[in-house]
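**Student:** What follows is a structure written as structure tokens; I'll ask about it next.
Numbering (my numbering), first residue to last: 277 to 410.
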């Protein structure tokens, strides 16, 4: 089975793409191809692609100094993990304040507290690994 002449049109229209005249199919295919190359910051697909490309916690590629291509990826991963660690520690801190001074019905329980602590440890270890990789 050969590849379709117009893969984006075929994905959109199915077999009907084969019945379009070339003077209509070619510009439509070019428009679809151009749209795929434009990063869209608000779509799930666009966000996932940037995450896979090594964005930092701010959603942008690592902009700091690097010596090798892999260093930017490692620093972006460490940046994301550090941001996640900060968030987890804030939740853990708030949960601890509630445990000490709050009402019993507002507490998260020992299992959840243990889970937050383990998640913090895991992220801290991951940050360390990424920094050593950079």
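Quick reminder that beta carbons are idealized off the backbone N, C-alpha and C, glycines included. On a predicted model such as this, the values are computed, not experimentally measured, just so you know.
Where does residue 277 sit, in a helix, a strand or coil, going by DSSP?
**Tutor:** Translated into positions along the chain shown, residue 277 becomes position 1. The pLDDT assigned to residue 277 is 48, lower than 50, so where the model puts this residue is not dependable, and the model offers no usable value.
**Student:** Could you tell me whether the Cβ atoms of residue 406 and residue 370 are closer together than 8 Å?
**Tutor:** Position 130 of the chain shown, counted from the start, is the residue given in the question as residue 406. Position 94 of the chain shown, counted from the start, is the residue given in the question as residue 370. No; because the gap between Cβ atoms is not below 8 Å, this pair is not in contact.
**Student:** Please name the residue, chosen from 395, 381 and 352, that lies closest to residue 364 on a Cα-to-Cα basis.
**Tutor:** Residue numbering aside, residue 364 sits at position 88 when the chain shown is read from its first letter. Here the closest residue by C-alpha is 395.
**Student:** Rounded to the nearest angstrom, how far is the Cβ of residue 400 from that of residue 361, given a contact under 8 Å?
**Tutor:** Position 124 of the chain shown holds residue 400. Position 85 of the chain shown holds residue 361. Yes, residue 400 and residue 361 are in contact; Cβ-Cβ is about 6 Å, under 8 Å.
**Student:** Whole angstroms is fine: what's the gap from residue 283's alpha carbon to residue 321's?
**Tutor:** The residue labelled residue 283 in the question sits at position 7 within the chain shown. The residue labelled residue 321 in the question sits at position 45 within the chain shown. Approximately 19 Å between the Cα atoms of the pair.
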